[in-house]
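Under full-length UniProt numbering, the residues of the sequence shown are numbered 1 to 252, in order.
As structure tokens, the structure follows; a few thoughts come after it.
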Amino acid sequence: MRLFNCKKIKDRATGLKSAARAVGGGKLVVIPTDTVYGIGCDAFSHTAVRALLAAKGRGRDMAPPVLIGSKRALDGIASDMSKSAKDLIDAFWPGPLTVVVPYTPTLTWDLGDTDGTVAVRMPLHPLALELLKETGPMAVSSANKSGQPPAETAADAKAQLGSDVSVYLEAGASEDNLPSTIVDCVSEPPQVLREGVLTVEQLRKVVPGVLDADGYGPGERPEDSEPEAEVSEESAPPEDPTEAEKPETAES
1 MRLFNCKKIK
11 DRATGLKSAA
21 RAVGGGKLVV
31 IPTDTVYGIG
41 CDAFSHTAVR
51 ALLAAKGRGR
61 DMAPPVLIGS
71 KRALDGIASD
81 MSKSAKDLID
91 AFWPGPLTVV
101 VPYTPTLTWD
111 LGDTDGTVAV
121 RMPLHPLALE
131 LLKETGPMAV
141 SSANKSGQPP
151 AETAADAKAQ
161 LGSDVSVYLE
171 AGASEDNLPS
181 TIVDCVSEPP
191 QVLREGVLTV
201 EQLRKVVPGV
211 LDADGYGPGE
221 RPEDSEPEAE
231 VSEESAPPED
241 PTEAEKPETA
251 ES
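Here is the structure:
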């Protein structure tokens with residue numbers, strides 16, 4: 001178990017090599033992303049994915065998302081993507097958007113109980129992208145025990161995950177300690193599963209019909225249709241008698 005301070009040039013290069021070797025060997029690593037720190041492994045290593053879930057204290061019903069280092073890498077993972085998914089990806093990748101799409105049936109991975117889908121994202125962080133281009137797709141979840149707050153630094157993650165992780169890459173505190181926004185793009189219209197950095201309003205500027213996390217489309221929420229309260233004559237406040245018209249008096 002080693003922690004590398006990647007804010008130092010020498011440690012950065014050494015840390016990236018160590019992390020790439022660890023991932024290739026089926027080990028777990030902690031890496032920075034543009035949202036929160038993540039714990040990750042080779043997405044195609046069944047043993048490593050099981051170890052990731054165990055380290056977090058999760059079951060197969062909470063399959064980890066997959067991070068990729070380029071948009072082109074998505075071609076080998078996803079199939080039958082909708083136009084909405086492609087439009088959202090074009091608008092927000094690399095960045096804090098995770099899309100749930102059907103994965104290619106011939107893939108031999110086992111991320112958990114995913115029902116033929118994968119949650120995938122391309123992060124906007126140079127260290128993460130550099131590692132992903134070396135390792136290929138990684139299964140990555142937030143670097144914390146299930147039920148605990150996300151780690152703001154690699155040191156925070158180490159305090160929670162300890163020796164379950166082989167390599168920690170420290171790049172300083174997360175700029176925005178919010179998770180990515182997850183959008184289910186398997187069916188139309190897409191629906192937000194978790195609102196994070198990106199808001200529903202931002203998504204609707206690209207795909208106007210996006211449903212929010214409660215399943216409502218634009219203008220469909222109950223509060224959107226409530227009429228504004230009007231003041232009737234009956235409910236109007238009584239007239240101030242002192243303001244009543246007074247008789248005119250002669251000027252002196």
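Backbone N, C-alpha and C fix where the C-beta goes; we use that ideal spot for every residue, glycine too.
DSSP places Ser82 in the coil class of the three-state scheme, outside both helix and strand. In this structure His125 is buried. Its beta-carbon is surrounded by 16 or more other beta-carbon atoms within 10 angstroms. The beta carbon of Cys185 sits closer than 8 Å to those of Met81, Ser82, Ser84, Ala85, Leu88, Val99, Val100 and Val101, all from its chain and outside the five residues before and after it, given in chain order. Listed in chain order, the non-local C-beta contacts of Asn177 below 7 Å within the same chain comprise Val36, Pro150 and Glu152, local neighbours out to five positions each way being set aside. In the three-state scheme derived from DSSP, where H, G and I count as helix and E and B as strand, Gln160 is classed as helix. Beta-bridge pairing by DSSP links Gly40 to Val29 and Val140.
For the options Leu97, Ser141, Glu134 and Val183, the alpha carbon positioned closest to that of Ala48 is the one of Ser141. For a cut-off of 8 Å, the C-beta gap from Val118 to Leu111 is around 7 Å, short enough to register as a contact. Ser70 is not a Cβ neighbour of Tyr103, given a cutoff of 8 Å.
In this structure Ile39 is buried. Its beta-carbon is surrounded by 16 or more other beta-carbon atoms within 10 angstroms. When the beta-carbon positions are compared, Thr181 and Glu195 come within less than 8 Å of each other. A straight-line Cα-Cα distance of about 46 Å links Ser45 and Pro222.
When the five nearest sequence neighbours on each side are left out, the beta carbons in the same chain lying within less than 6 Å of the beta carbon of Val165 are those of Leu28 and Val30, in order along the chain. Gln202: member of the alpha helix (DSSP H) spanning Val200 to Arg204, first to last residue. The criterion of a C-beta distance shorter than 8 Å is satisfied by Val66 and Met138.
When the Cα atoms are used, Val210 and Tyr216 turn out to be separated by approximately 8 Å. Contact between Ser18 and Val167 holds, with the beta-carbon distance rounding to 5 Å and staying under 8 Å.
Remark: C-beta atoms of Leu131 and Leu203 do not approach each other more closely than 8 Å. Judged by DSSP in its simplified three-state form, Pro102 adopts strand. Its chain contains Met1 as the residues whose beta carbon lies nearer than 8 Å to that of Ser163, once the 5 sequence neighbours on both sides are disregarded; these appear in chain order.
Burial check for Ile9: the Cβ neighbour count within 10 Å stays below 16, so the residue is exposed. Here Ala63 has Leu111, Gly112, Asp113 and Thr114 as same chain residues with Cβ atoms under 7 Å from its own Cβ, once five neighbours each way along the sequence are excluded.
Per DSSP, the unbroken beta strand (DSSP E) holding Val118 starts and ends at Thr117 to Arg121. When only Cα atoms are considered, Ala20 and Lys7 end up about 18 Å apart. With a 10 Å radius around the Cβ and a threshold of 16 neighbouring Cβ atoms, Gln160 comes out buried.
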